[in-house]
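Report on the following structure.
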Amino acid sequence: MKKKLSVLFALLLSFTLVLSACSSGKSEKSNAGSSGKSKEENPVKDRGNEIVIGVTSEPQNWDPIDTFLLDWSTVATSVFEGLVDRTLDLKLQPGLAESWEYLDDNTLQFKLRKGVQFHDGEPFNAEAVKFTFDRLLGPEGQKGPQYANYNSIDHVEIVDEYTVNFKLKSKDPVLLTKLAGYGAVIVPPKYIQEKGDENFNNNPVGTGPFKMTGYKRDQEIVLEKNPNYWKQGLPKLDKVTFKVIPESSTRLAELQTGKIDIMKRVEVAQAKTVKESSFLELKDVGTPTVYSMRFDTAKKPFDNKQVRQAINYAVDKDAIIKDILSGYGKSISTYQSELSFGNNPDLKPYKYDPEKAKKLLKEAGVKEGTQIDLFIPGNDATFKEIAQAVSFYLEEVGLKLNINSVDSTTLISDLIPNGKAGHMYRQGWGGWTLDFDNTAYLMYSEGQKWNPSFKDAKVEELLAAERSTVDQKEREKIFKELTEVLYDLAPELNLYQAVDLYAVNKRVQNFQPPHEDRMRLEEVSVK
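Mapped onto mature numbering (1 follows the signal peptide of the UniProt record, and there is no 0), the consecutive letters of the sequence shown carry residue numbers -20 to -1, 1 to 507.
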């Protein structure tokens, strides 16, 4: 067994090195000096006070109530703002609200910032806040994935032009964190009422440091400096262009030739190439994002808990992290990162035990050679390697894995919500609230958009309990029980907590990679 595993990872390593060499387009010998750094000059000469960023995909809808995709936040964090803000260091701070306080258990009051304008010149005020949440909590918002995060809010009352009261239906221990998130950004009432929701999907208007001036679906998004931004002296850049480049090898080639300045989602196999360039810098950042292969529990044989547990025992997650991710990842016991409130350090990931996996499969009546369909996004080269490794492990316990690569947006927005993503599918989750509430509710509560089939009465009971109190010690106790229940039910094959890699041209100054994909660009400049 060990010999077979060594051969597998040797083959995978050879494959990644080939990819890296091909994507660099140059040989190390002809370009590297004694320091190992490429001697090439920086190819970016005349771009001026702007940068170009290469991203993997885009959400195809810029209305904040319609999406929960990290790709949305990468761009739209520069366009929209909420009442509460969160820094790159994950600290909560005032945003469009200068301050807030609980007047009683069911009333949260915000004092709003004066002198702020939307990109179209419309004033930001209490009317805009009320309109935003009436829309989010109303029929239009209830169609989208954001509603569940904010339905503890009953309604918003206007006290005066720059004061609002949030009247709450129930206690919400993570409401302020959610208000620093995606769906709660403030939108312009007049613009949406006059232009309509469909127009807003493609022509968003916010209060942020940049305004969107160009959008070609699946090609590029253009942001330009907001000259009336309320933070004096910001932003420092005149223009930011996001280029949609799904293939990592193409993104790296564009970076090396100077066509882009920042590359998102550097593959592990490409890290060495970036490090050896004299004009590029590799930046890594720990994230709350976790990855799993989730089971569709409505499909046999994954309606059986024993089978789900067997898959967890069959796969050596530590070997995947070490040999495929080069250590850029951390093992997880449940579907959350170590940054998440509610993470249970007492639970250890399922150990690698193929014999136990075989025993459980036999007890569950699963025949040798049973075929399993796995769906993964086609633009993630690293995860393709992980899928191949998982296929090898499952073959060792008598299962045949069929790997299906599909468009990332199609997988997330169509196949998964509609239960059409096979027996297993890659599920990445940002954990943006840094609180297990968000992940657990949206992943395990019956009827949620990205939970097509899993349901359990005890899980529902515990989810309701943790949302009924603001006592963090009590919530921690509830989460401990919830994680233990989920660990036993094994709704997914938990793989790892991600470490993200970015490649940055050294002309770019003061760029800090975000923990949760939300690029903050107002302080970025160029030299």
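Using N, Cα and C, we set each Cβ at its ideal position, and we do this for glycine too.
Quick one: using the 10 Å Cβ neighbour count with 16 as the cut-off for buried, is residue i buried or exposed?
i	result
residue 75	buried
residue 99	buried
residue 79	exposed
residue 525	With the chain covering only -20 through 507, there is no way to say anything about residue 525.
residue 227	exposed
residue 403	buried
residue 244	buried
residue 24	buried
residue 82	exposed
residue 139	exposed
residue 168	buried
residue 343	exposed
residue 401	buried
residue 322	buried
residue 125	buried
residue 51	buried
residue 118	exposed
residue 309	buried
residue 446	buried
Is the beta carbon of residue i sitting closer than 8 Å to the one on residue j?
i	j	result
residue 224	residue 198	yes
residue 311	residue 329	yes
residue 86	residue 158	no
residue 194	residue 320	no
residue 42	residue 208	no
residue 476	residue 327	no
residue 371	residue 383	yes
residue 191	residue 203	yes
residue 470	residue 219	no
residue 121	residue 45	yes
residue 381	residue 352	yes
residue 277	residue 434	yes
residue 465	residue 31	no
residue 130	residue 164	yes
residue 307	residue 301	yes
residue 170	residue 102	yes
Grab me the residues of residue i's own chain with a C-beta within less than 6 Å of its C-beta, minus the 5 sequence neighbours each way, in chain order.
i	result
residue 513	An answer regarding residue 513 cannot be provided, because it is not within the stretch -20 to 507 covered by the chain.
residue 498	53, 57
residue 332	296
residue 281	287, 346
residue 22	259
residue 450	151, 153
residue 127	121
residue 279	403
residue 47	39, 41
residue 49	39
Please return the same chain residues whose Cβ sits closer than 8 Å to the Cβ of residue i, not counting the five positions on each side in sequence.
i	result
residue 503	214, 215, 216, 490
residue 448	150, 151
residue 77	63, 64, 90, 91, 92, 93
residue 177	43, 120
residue 356	363, 364, 367, 383, 384, 385, 386, 391, 405, 406
residue 189	58, 205, 206, 209, 211, 214, 215, 501, 502
residue 283	277
Hey, residue i and residue j are a contact pair by Cβ (cut 8 Å); roughly how many whole angstroms apart?
i	j	result
residue 133	residue 113	6 Å
residue 33	residue 222	5 Å
residue 494	residue 68	6 Å
residue 472	residue 407	7 Å
residue 172	residue 109	About 14 Å; that fails the 8 Å criterion.
residue 467	residue 313	6 Å
residue 316	residue 416	5 Å
residue 341	residue 273	The Cβ separation is near 16 Å, so there is no contact.
residue 262	residue 246	7 Å
residue 419	residue 409	6 Å
Is there at least one non-hydrogen atom of the ligand FMN closer than 7 Å to the beta-carbon of residue i?
i	result
residue 477	By its list of ligands, the structure shown contains no ligand whatsoever, and the ligand FMN lies outside what it can speak to.
With a threshold of 7 Å on Cβ separation, who are the neighbours of residue i within its own chain once the five nearest residues in sequence on each side are excluded?
i	result
residue 348	378
residue 413	154, 157, 158, 161
residue 7	Any reading at residue 7 is ruled out, since the residue's pLDDT is 37, under 50, leaving its predicted position unreliable.
residue 461	442
residue 487	22, 24, 241, 506, 507
ask   = Do the segment 272 to 292 and the segment 440 to 459 make contact, defined as three or more Cβ pairs closer than 8 Å?
value = no
query = Below 8 Å, can you find three or more Cβ-Cβ pairs linking the segment 425 to 442 to the segment 224 to 235?
reply = no
query = Is it a yes or a no for the segment 269 to 279 touching the segment 472 to 484, going by three-plus beta-carbon pairs under 8 Å?
reply = yes
ask   = How about the segment 385 to 396 and the segment 31 to 42: do they share at least three Cβ pairs that are nearer than 8 Å?
value = yes
inquiry  = Using 8 Å as the cut-off, can you tell me whether the segment 181 to 188 makes contact with the segment 90 to 104, which would need three or more C-beta pairs spanning the two stretches below that distance?
reply    = Enough Cβ pairs lie closer than 8 Å, so yes.
key: Touch test, the segment 369 to 385 against the segment 332 to 347, Cβ-Cβ under 8 Å, three pairs minimum   = yes
query = Given 8 Å as the limit, is there contact between the segment 248 to 255 and the segment 58 to 72, that is, 3 or more CB pairs closer than that?
reply = no
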